[in-house]
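Everything below concerns the one structure shown next.
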Amino acid sequence: MMNNLSFMCGIAGFVTDGQRPADPALTRAMCDRILHRGPDGYGHFEEGPAALGHLRLSIIDLEGGWQPIANEDGNLQVVFNGEIYNFHELRAGLEARGHRFRTHSDTEVLVHLYEELGEQMTEKLNGMFAFAIWNRSAGTLFLARDRFGKKPLYYSTSTPGFRIAFASELKAFAALPGADFAFRPESVADFLSLSYVPDPDSIYKSIHKLPPATSLFL
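In this note's numbering, the protein residues as written are 13 to 230.
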């Protein structure tokens, strides 16, 4: 039986404020700080202001499941950490509606489901997950986390030069120039009394946790 570590990949990325294009070196630097989460490989995507990075622990579709993964025309790109338990059922329904798949991974279901349902896609997902979908034509980023919060996802919308940055762990944000790591006093008190920091806060003022069963569209 696989333990939870069997599904521990890592994701990170950002959308700049549009004054400069995404720098692949910055995507790599964010992922390097959480390299322990994905020893089997690194994948990345940069286009215009957007960057997505993925650290892979290979479980499903060892040959074809490399991320980021796109939809048919490349307009949507996804990075994903977790497992979608009902992806076979979802894939069958999407194929019946004309969607074409290039891999056998559960990850690819996400971009096609987003094409069909947009932000409501999470209502159809059974699994543990944290993912980010970049929509090139709309210039938007969609983040989502599973109902029980099994997979972590942090984000910041207050780093200079970035509309948003996200990552599986706090330490990835240290790669961002100008990132603010001022402590949030209330979070320090929470940690000392509860031994954890309740959602949506983190120990830092400028970085937040996406709560379980929550999505963010920006």
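The beta carbon of each residue, even a glycine, is placed where N, CA and C say it ideally should be. Please read all numbers here as calculations on a predicted model, not as lab measurements.
Nearest-angstrom Cα distance between residue i and residue j?
{"i": "R55", "j": "I23", "result": "According to the sequence as given, residue 55 is Gly; it is not Arg. If you take the alpha carbons of G55 and I23, they lie about 10 Å apart."}
{"i": "R175", "j": "F26", "result": "8 Å"}
{"i": "A186", "j": "L106", "result": "39 Å"}
{"i": "F203", "j": "P212", "result": "14 Å"}
{"i": "G130", "j": "L228", "result": "12 Å"}
{"i": "R109", "j": "V209", "result": "43 Å"}
{"i": "A62", "j": "T28", "result": "7 Å"}
{"i": "Y126", "j": "A34", "result": "23 Å"}
{"i": "R232", "j": "I145", "result": "Because the chain in this structure spans residues 13 to 230, residue 232 falls outside the shown range and cannot be described."}
{"i": "Q132", "j": "N98", "result": "16 Å"}
{"i": "G30", "j": "F141", "result": "29 Å"}
Whose C-beta lies closer than 6 Å to the C-beta of residue i among residues of the same chain, with five residues either side of it excluded?
{"i": "P164", "result": "S180"}
{"i": "R103", "result": "V121"}
{"i": "A225", "result": "R159"}
{"i": "L230", "result": "L153, I176"}
Just confirm the distance between the C-beta atoms of residue i and residue j, as a whole number of angstroms; I'd bet it's less than 8 Å.
{"i": "G94", "j": "G139", "result": "6 Å"}
{"i": "G60", "j": "C43", "result": "Not really, about 20 Å apart at Cβ, beyond 8 Å."}
Report the option in the options whose CA atom is closest to the CA atom of residue i.
{"i": "A184", "options": "R32, D35, I46", "result": "I46"}
{"i": "P189", "options": "C21, M20, A37", "result": "A37"}
{"i": "P223", "options": "T169, D158, R40", "result": "D158"}
{"i": "N147", "options": "Q89, E128, Y167", "result": "Q89"}
{"i": "H100", "options": "V91, P80, T119, R68", "result": "T119"}
{"i": "N87", "options": "N98, F57, Y97", "result": "F57"}
{"i": "P51", "options": "G30, K221, W78, R32", "result": "W78"}
{"i": "F92", "options": "R68, D85, A41, H124", "result": "R68"}
{"i": "S149", "options": "I96, R40, C21, D85", "result": "D85"}
{"i": "M20", "options": "T169, A41, F143, I81", "result": "F143"}
Which residues in the same chain have their Cβ closer than 7 Å to the Cβ of residue i, if we skip the five residues on either side of it in sequence?
{"i": "P172", "result": "G190"}
{"i": "H124", "result": "N83, L106, H111"}
Cβ contact check for the stretch 179 to 197 and the stretch 207 to 218: 3 or more pairs under 8 Å: They touch, by the three-pair rule.
Three-pair Cβ contact test at 8 Å for the stretch 107 to 120 versus the stretch 145 to 157: no
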